[in-house]
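Undergrad: Residue numbers (the numbering used here), protein chains in the order written: chain A, -10 to 349; chain B, 6 to 316. Got a structure for you, written out below as structure tokens; questions coming shortly.
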Ligand SMILES: Nc1ncnc2c1ncn2[C@@H]1O[C@H](COP(=O)(O)OP(=O)(O)OP(=O)(O)O)[C@@H](O)[C@H]1O
Ligand SMILES: [Mg+2]
């Protein structure tokens, strides 16, 4: 069942087109993550769903109802902000109660509700404090609690964890995931942290300059990016790209990337390849591994730089005039300048047209 | 990083130890040395003369200070038995209270109106701020003309056909205080508005968005969330305005000259009058000390709150 439908949505600030013809359908219970570089319009899109910004053209439906011209308070949504946006002059309890009181809910119902949600978020001992007396993580819990008590149809999150330190961010991420699993409420979550996007999303939406690039399950977007931008944006370290040309010989396709010829027999082409087509062949670092001898495709390459990350070694390998990065296990430490046999997992290849930058 | 910081910290004492003793003293106390002339001036011309005034207030000085006429606290006794002082002192609180109330409430209201992202915002802001550029003397004269029954607003209203319109604030002892309030408000409103507007603009946009999602009507957001958040601005505004109330001298001299009679007298006018026209320096000094006491009564709690908040 479709819970949110965004159709042909445009947003302009004067002549600046911030959102360009966005179309998106969100099923009930999904956890959608909007991901993209800074300034690509993620927050704008979220604000439009919330009703905090008017769209220039297009329509928004929530729960089968056209809400394009409906006030935020009547859209049955709740929102969590990056800056927490707690009311600083009120206690935690009042912060959580205020929205419900404004809706005329009797106090007798509000009290137990607030206490229940506070217990769920482990902030029940903080109810009588002011926001200024809380830590960042506690404030964000309160902000989430304020959204929870409203029991909305849709949760909207705008980079809720980006003000927290790395460790706290990881634990809050897990909690948000658990929360979503137990409540099953539809959620839209904006972030520019890939790890958050990959772990939280049931489907993720990658945006660039006001346009949706790809919508899909995290692993699908990660392994089958539809264009160079998405391929390059996801992953850390980024995907390796090798410039080359396609060669069609006797019904077999391969990519000549200068230093090597990569067979593309197993590659599922989206469009039919042509001989001599200029392409970019992409392979993620984790698909470039020390050879065990069993791979169908292996090369002997010289390491030029090694970075230790703790869990693995990032090995920069010279390949003709270009360099590619391999992610080696931490116990595999090649020597600088001494050629090593490197196996390529060709089932993870992505091939893009060099001109259109689209996956082929 | 920590290593580098430790190194940087370590170089300082070493270099200092090498410097000759004289230079070391200068290095350590450079700020005190630089400030000492102004500190000395402040000590003499501010605190010195406060003490001097307090001393004069215990004498029976007439036109010139004379310390051979020590009378103890008699001048204070006389001060509090002078009806004109009572008028002036009461006026200060009446004028002050009304001025604070009117200026703060209207200043805040104007700031809130301008904060609604209106068109031509800077135009309106300038209009409200312009009077601030004028001295109290000019303000006083402008309003003297405006409120003059044979020149100003009253004549204009008569010409417009409102024959029964009367505006006799300046000549009526019961309402003359309002003339002071209006003129002072006209001048002080800009500053108050600017302070409140800056406070309003400083409030996180997301608070407004959260309130919109929560369905809280704008006036309630102002009353329950935004205005309480402006508490520090209120404190600053009250202190600034209070000090200008105590200092208000030129405005009264230019607008009403204390009249009709002594009905719009303020302590500062009283003090000036006693010192320079009635040659009663002792009494004047006593009134100055009482005014200082009043200012301190306002300032000390403020400083207390400010420093406690910082700590
Ligand atoms: N009120 C506004 N007036 C004009 N331009 C705006 C306004 N608000 C946003 N923009 C522009 O719209 C674009 C998208 O902004 P938005 O806040 O949606 O980006 P974002 O994807 O959320 O970025 P970030 O990750 O930095 O939060 C930006 O280029 C921004 O400059
Ligand atoms: Mg944003």
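All C-beta atoms, glycine included, are put in the ideal place defined by N, C-alpha and C.
Quick check on this structure: which residue in B:294, B:230, B:284 has the alpha carbon closest to the alpha carbon of residue 74 of chain A?
TA: Comparing Cα positions, the closest option is B:230.
Undergrad: Quick check on the burial criterion: 16 or more other C-beta atoms within 10 angstroms. Buried or exposed for residue 274 of chain A?
TA: Flag for residue 274 of chain A reads buried.
Undergrad: What three-state label does DSSP hand residue 328 of chain A in the structure shown?
TA: Note: residue 328 of chain A maps to coil in three-state DSSP.
Undergrad: When the cut-off is 8 Å and only beta carbons count, does residue 161 of chain B lie next to chain A?
TA: No, its Cβ sits nowhere closer than 8 Å to a Cβ of chain A.
Undergrad: What did DSSP end up calling residue 100 of chain B once you bin it into helix, strand or coil?
TA: Reduced to three states, the DSSP call for residue 100 of chain B is helix.
Undergrad: If the criterion is Cβ atoms closer than 8 Å, does the pair residue 81 of chain A and residue 131 of chain A meet it?
TA: Yes, these two residues count as a Cβ contact at 8 Å.
Undergrad: Nearest-angstrom Cα distance between residue 255 of chain B and residue 292 of chain B?
TA: Cα to Cα, the separation comes out at about 18 Å.
Undergrad: I need the DSSP call for residue 287 of chain A, collapsed to helix, strand or coil.
TA: Correct three-state label for residue 287 of chain A: strand.
Undergrad: Are the C-beta atoms of residue 221 of chain B and some chain A residue less than 8 Å apart?
TA: Interface residue, yes.
Undergrad: Using a Cβ-Cβ cutoff of 7 Å, what residues of the segment 223 to 252 of chain B are near chain A? List them in chain order.
TA: Result list: 230, 233, 234.
Undergrad: Extract the residue ranges of the alpha helix (DSSP H) inside the segment 226 to 288 of chain B, only unbroken runs of 4 or more that lie entirely within it.
TA: Whole alpha helix (DSSP H) segments, 4+ residues: 236 to 252, 255 to 260, 272 to 281.
Undergrad: Classify residue 310 of chain B: buried if its beta carbon has 16 or more other beta carbons within 10 angstroms, exposed otherwise.
TA: Exposed, because fewer than 16 other Cβ atoms sit within 10 Å of the Cβ of residue 310 of chain B.
Undergrad: Since residue 133 of chain A is in the beta strand (DSSP E), which residue starts that stretch and which ends it?
TA: Per DSSP, residue 133 of chain A belongs to no beta strand (DSSP E); it is in the alpha helix (DSSP H), 125 to 138.
Undergrad: Does DSSP put residue 111 of chain A in a helix, a strand or coil?
TA: The answer is coil: DSSP assigns residue 111 of chain A none of H, G, I, E or B.
Undergrad: Per DSSP, which residues does residue 297 of chain A bridge with? Please list them.
TA: Note: residue 297 of chain A sits in a beta bridge opposite A:302.
Undergrad: Short of 7 Å Cβ to Cβ, which residues in the segment 33 to 50 of chain A face chain B?
TA: Listed by position along the chain: 39, 41.
Undergrad: Taking 7 Å as the cut-off, does the CB of residue -2 of chain A come closer than this to any heavy atom belonging to ligand 1?
TA: Every heavy atom of ligand 1 is 7 Å or more from the Cβ of residue -2 of chain A, so no.
Undergrad: Buried or exposed for residue 348 of chain A, please, with buried defined as at least 16 other CB atoms from any protein chain shown within 10 angstroms of its CB.
TA: Classification for residue 348 of chain A: buried.
Undergrad: Does any heavy atom of ligand 2 sit closer than 7 Å to the C-beta of residue 42 of chain A?
TA: No, the beta carbon of residue 42 of chain A sits no closer than 7 Å to any heavy atom of ligand 2.
Undergrad: Can you name the residues of chain A whose CB is closer than 8 Å to the CB of residue 93 of chain B?
TA: By Cβ distance, chain A contributes nothing, its closest Cβ being about 39 Å from residue 93 of chain B, past 8 Å.
Undergrad: Verify the contact flag: residue 223 of chain A, CB atom, against every heavy atom of ligand 1, threshold strictly below 7 Å.
TA: Checking every heavy atom of ligand 1 against the Cβ of residue 223 of chain A, none is found closer than 7 Å.
Undergrad: How would you call residue 95 of chain B, buried or exposed, if buried means at least 16 neighbouring beta carbons within 10 angstroms?
TA: By the 10 Å Cβ count, residue 95 of chain B comes out exposed.
Undergrad: Just the residues with CB closer than 7 Å to a heavy atom of ligand 2, in chain order, which are they?
TA: Taking each Cβ in turn, the ones that pass are A:31, A:32, A:147, A:148, A:179.
Undergrad: Would you check whether ligand 1 has a heavy atom nearer than 7 Å to the C-beta of residue 7 of chain A?
TA: Checking the Cβ of residue 7 of chain A against ligand 1 gives yes.
Undergrad: Within a Cβ cutoff of 7 Å, which residues of the same chain sit near residue 136 of chain A, ignoring the five residues on either side of it in sequence?
TA: Within the same chain, residue 136 of chain A has close Cβ partners 67, 68, 69, 144.
Undergrad: My understanding is that residue 126 of chain B touches residue 119 of chain B, with C-beta atoms under 8 Å, so please give their C-beta distance in whole angstroms.
TA: Right, the Cβ-Cβ distance comes to about 6 Å (below 8 Å), so this counts as a contact.
Undergrad: Whole angstroms are fine: how far does the CA of residue 48 of chain A sit from the CA of residue 59 of chain A?
TA: Roughly 11 Å between the two C-alpha positions.
Undergrad: Counting only runs that start and end within the segment 191 to 260 of chain A, where is the alpha helix (DSSP H) found for 4 or more residues in a row?
TA: The segment 191 to 260 of chain A contains these whole alpha helix (DSSP H) runs: 207 to 212, 217 to 222.
Undergrad: Mark residue 14 of chain A as exposed unless 16 or more other C-beta atoms lie within 10 angstroms of its C-beta, in which case mark it buried.
TA: Exposed: under 16 other Cβ atoms inside 10 Å.
Undergrad: Where does residue 281 of chain A fall in DSSP's three states?
TA: Residue 281 of chain A: coil per DSSP, three-state reduction.
Undergrad: Once you ignore the five residues that flank residue 83 of chain B on each side, which residues in its own chain have a CB closer than 7 Å to its CB?
TA: Here the set comprises 288.
Undergrad: Can you tell me which of the three DSSP states residue -4 of chain A falls into?
TA: In the structure shown, residue -4 of chain A sits in a strand (DSSP, three-state: E or B).
Undergrad: Can you tell me whether DSSP reads residue 146 of chain A as helix, strand or coil?
TA: Residue 146 of chain A: strand per DSSP, three-state reduction.
Undergrad: When the distance is taken between beta carbons, is residue 243 of chain A closer than 8 Å to residue 252 of chain A?
TA: Contact: yes.
Undergrad: Give the range of the beta strand (DSSP E) segment to which residue 67 of chain A is assigned.
TA: That run of the beta strand (DSSP E) goes 66 to 69.
Undergrad: To which residues of the same chain is residue 79 of chain B closer than 8 Å at the C-beta, ignoring the five residues directly before and after it?
TA: The answer, listed in chain order, is 65.
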